[in-house]
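Those protein sequences? They're chains U and R, same order as listed. Quick note on numbering: the first sequence equals residues 1 to 260 in my numbering. Quick note on numbering: the second sequence equals residues 1001 to 1374 in my numbering. From the three backbone atoms N, C-alpha and C, an ideal C-beta is built for every residue, glycine too. Just below is one structure, and these are the notes that go with it.
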Amino acid sequence: MIKKLRATTVFLIFGLMFLCMPIVFLIKNSFDGDSIRKIVLHFCDAFNSRELIDSLITSLKIAFVAATSSVVLGILAAVFTTVPNGAGRKCKKFLDKMVFIPMIIPEAVIGLSLLMFFIKIDLGISCFVKIIVAHTLVTVAYVYSNVKSRLLEFDTIIEEAAIDLGAKPFTIFFKIKIPLMKRHIFTGWALAFIISFDDPIMANFLSGGGTTTFPVLIFSKLTMGKLPPEVNAFVVMLISVIMLVVFAFFFLGKSKKVYR
Amino acid sequence: MGKKIIFTLGCLFICLYGFYRYYYCSNEQDNVVCVCSWCGVIPPDVFEDFEKETGIKIVYDAFGGNDVLEAKSLAGSNGYDVIFPSFIPYVSRGCLLGLYNKLDKTLIPNLKNIEKCPVTEKWIKAGGNVDYAIPFFWGTIGLIYNESITSKLFPNIPIDYKIIFDLENLKKISEYGVCFPEEYIDVFPQAKIFWKISGGQKDAKNLKLYKEHLKKLRKYIRKFSSNTIETDFELGEICIAISSSDNAWRVRQSMQGEKKIKYILPKEGGILWVDCAVIPVGASHIQNAYKFLNFLLRPEVAARITNNSGILTNVCGAAKFYNKEIKEDVIYLTSEEILRLSFGENASVNKEDIDYTRLAVKAYSEIKWRIEDD
């Protein structure tokens, strides 16, 4: 028993180290400096750097809109493919596979082909919308798979009961299905948000005047040689905010029983 | 019922927000100028001074790379008002394809500051188009090396291109790391001189010869990179690299005294590169773009950019304002020295030239990605 425990503990420590190492190095890098004054100056620079804050706001906006629109589309697609009866069986099967294709294709290919698409068909939309379209295209799959997994285990008896009581399909959708899918929708939204926030590749192809996202900026900073210390400092602050949120969820969030 | 309304309102909000952004981005009333350049080249205080002076807000975008920028320019309006692509092959090709606005020289009076510069003369001789582009940044391509290693390996021979183009020498130094640049334009002209390859500058037959020679060396080249030189030298990943002068300056600045980092231009005459300022077609704030270009062409502003990044600026009279570190560095060249430099190749003037460029890019990437055994 003790032996087994030891092995698992070692494995756990190993796993945690594997997860935390890059973050630890990043934090160490950001505190590299000759004097405390210099380190503090880096952090002040990070706050004063307009390009960093501008790009962060752009990234957050894009991620928010892309995640929200992919949630809307993802739910619609998932509901459509999981309705048991009705017309368009082949169509459902086709959609079920097609949703995942943008996820599988390398992002560089999607970025380039979308760029080509926007060259050929000049819709006159701004670069902001172009990036949102690209991100939505990829993130819809994550929302779809999350929501679909919930809908598949959904007990149809509840739905039938609601119909018996005289509920219209619209009411069933909003009053029964959406509340039951709540968590999965949120997970999908968060995944979509993170993926959109993280992506430098498609954004690099599609960004234009005033839409440099945060990852693109960091990428461009890298190409000028070393990463400036204020970027490190900024990322450390970002990580600490995220950590706070995670810990807040960890301590405050009580697990509720999911009604099935 | 309440949730239904919230849902509908949410959808509506998203749509409205999208349209709001669309109009915001293409709004001509906004007093802004969208500038796209390499991150960190133009220091933020230059932007602030421009904003204070003119009241025009600068929207600054990070440059992702020449090829991506070109593809975006082909897409028509990409929202940028001033961009800084490389002269060869991008600007010369862009002029042919009509990607840039013709410059109204009366609105840029400070153009007189660059007219008589030696780099401008060289640039016009190489086919630079004065109507569309302003040669602004420049530098040279040479060898950056770590002298503490090379002096041990090659005590008797002076460092030159024969260190990395000669197979025996390259084998010796390969374990310390050799880095080649990302683009063909920085390698092929030097290779042409080294192996004494005859024929015209843009002879497609030569590409085969370059490939033959460079493929033999491929196994001993650790990296193909133009941008990570600084970190690589610091970590000891590489000890010799073909790279540009501004990289050399930054490596030397960040590693003061630690190791001996040197930069040389080959005896046969170095290669010159130029990044031009252009206004892309479809720019929506053209008047502001002219004001911004005029501001950049002031000697003291240009010098501040050089002092910040080590990239030389092609403005006569800027040299007065350069830092001592720049002036005493090897990257700083006098006008006689500039006259001995040349561009890797002339600007593209017709379709054959554009075809050559495409073939050259293909040849170089074949060298990059295929490691062949002996």
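Looking only at its chain, what residues have a beta carbon closer than 6 Å to the beta carbon of residue i, apart from the 5 residues adjacent to it on each side?
i: residue 1305/R; result: 1042 and 1313
i: residue 121/U; result: none
i: residue 68/U; result: none
i: residue 1028/R; result: Low confidence applies here, because residue 1028/R scores a pLDDT of 48, under 50, leaving its location unreliable and the question unanswered by this model.
i: residue 1379/R; result: In the structure as shown, chain R starts at 1001 and stops at 1374, and residue 1379/R therefore has no counterpart that could be examined.
i: residue 128/U; result: 211
i: residue 1123/R; result: 1135 and 1274
i: residue 1062/R; result: 1039
i: residue 214/U; result: 55, 56 and 59
i: residue 1129/R; result: 1095
i: residue 1288/R; result: 1033 and 1056
i: residue 1026/R; result: Reliability of the predicted coordinates at residue 1026/R is poor, the pLDDT of 49 falling under 50, and no value is obtained from them.
Which residues in the same chain have their Cβ closer than 7 Å to the Cβ of residue i, if we skip the five residues on either side of it in sequence?
i: residue 1213/R; result: 1191 and 1195
i: residue 1293/R; result: 1082, 1108, 1134 and 1277
i: residue 1092/R; result: 1127, 1347 and 1348
i: residue 1202/R; result: 1345, 1353 and 1356
i: residue 152/U; result: 82
i: residue 1254/R; result: 1230 and 1234
i: residue 1302/R; result: 1296, 1313, 1315 and 1318
i: residue 1249/R; result: 1310, 1329 and 1331
Under 8 Å Cβ-Cβ, which residues of chain R neighbour residue i?
i: residue 221/U; result: 1039, 1040 and 1062
i: residue 228/U; result: 1040
Using a Cβ-Cβ cut-off of 7 Å, state whether residue i counts as contacting chain U.
i: residue 1075/R; result: yes
i: residue 1071/R; result: yes
i: residue 1034/R; result: yes
i: residue 1080/R; result: yes
i: residue 1059/R; result: yes
i: residue 1227/R; result: yes
Flag residue i as yes if its beta-carbon sits less than 7 Å from any beta-carbon of chain R, otherwise no.
i: residue 119/U; result: yes
i: residue 115/U; result: yes
i: residue 217/U; result: yes
i: residue 213/U; result: no
i: residue 74/U; result: no
i: residue 208/U; result: yes
From what residue to what residue does the beta strand (DSSP E) around residue i run?
i: residue 1316/R; result: No beta strand (DSSP E) contains residue 1316/R, which DSSP labels as neither H nor E.
i: residue 234/U; result: First-last for residue 234/U: 229-252, but that is the alpha helix (DSSP H), not the beta strand (DSSP E).
i: residue 221/U; result: Not the beta strand (DSSP E): residue 221/U falls in the alpha helix (DSSP H), residues 214-223.
i: residue 1335/R; result: Run containing residue 1335/R: none in the beta strand (DSSP E); it sits in the alpha helix (DSSP H), 1335-1339.
i: residue 1180/R; result: 1178-1180
i: residue 1075/R; result: Looking at the DSSP string, residue 1075/R is not in any beta strand (DSSP E), and its letter there is neither H nor E.
i: residue 1061/R; result: 1057-1062
i: residue 1036/R; result: 1032-1037
Output, in chain order, the set of chain U residues within a Cβ distance shorter than 9 Å of residue i.
i: residue 1044/R; result: 48, 49, 50 and 51
Would you give the residue range spanned by the alpha helix (DSSP H) that residue i belongs to?
i: residue 199/U; result: Per DSSP, residue 199/U belongs to no alpha helix (DSSP H) and is neither H nor E.
i: residue 83/U; result: Unbroken run through residue 83/U: none, as it is neither H nor E.
i: residue 1251/R; result: 1245-1254
i: residue 1184/R; result: Segment: none, residue 1184/R is in no alpha helix (DSSP H) and carries neither H nor E.
i: residue 96/U; result: 89-98
i: residue 1211/R; result: 1204-1217
i: residue 1052/R; result: 1044-1054
i: residue 1232/R; result: 1229-1235
i: residue 162/U; result: 156-164
Which residues of chain U have a Cβ atom closer than 8 Å to the Cβ of residue i, listed in chain order?
i: residue 1068/R; result: 204 and 205
Kindly list the residues whose CB is nearer than 8 Å to the CB of residue i, restricted to its own chain and excluding five residues on each side of it in sequence; keep chain order.
i: residue 1182/R; result: 1224, 1225, 1226 and 1227
i: residue 1118/R; result: 1335, 1338 and 1339
i: residue 245/U; result: none
i: residue 231/U; result: 46, 52, 218 and 221
inquiry  = Which complete beta strand (DSSP E) runs does the stretch 1265-1326 of chain R hold, if anything under 3 residues is left out?
reply    = 1271-1278
Any alpha helix (DSSP H) of 4 or more consecutive residues that is wholly inside the stretch 103-154 of chain U = For the stretch 103-154 of chain U, whole alpha helix (DSSP H) runs of length 4 or above, ordered along the chain, are 107-120 and 127-152.
task = Just list the alpha helix (DSSP H) runs in the stretch 1079-1167 of chain R, keeping only unbroken ones of 4 residues or longer that don't cross its boundaries, in chain order.
result = 1092-1097, 1112-1115, 1118-1125, 1147-1153 and 1162-1165
task = Kindly provide the ranges of any beta strand (DSSP E) runs that are 3 or more residues long and lie completely inside the stretch 1337-1361 of chain R, ordered along the chain.
result = none
ask   = For the stretch 18-62 of chain U, which segments carrying the alpha helix (DSSP H) assignment without a break, of at least 4 residues, lie completely within its bounds, in sequence order?
value = Taken in chain order, the complete alpha helix (DSSP H) segments of 4 or more residues contained in the stretch 18-62 of chain U are 36-48.
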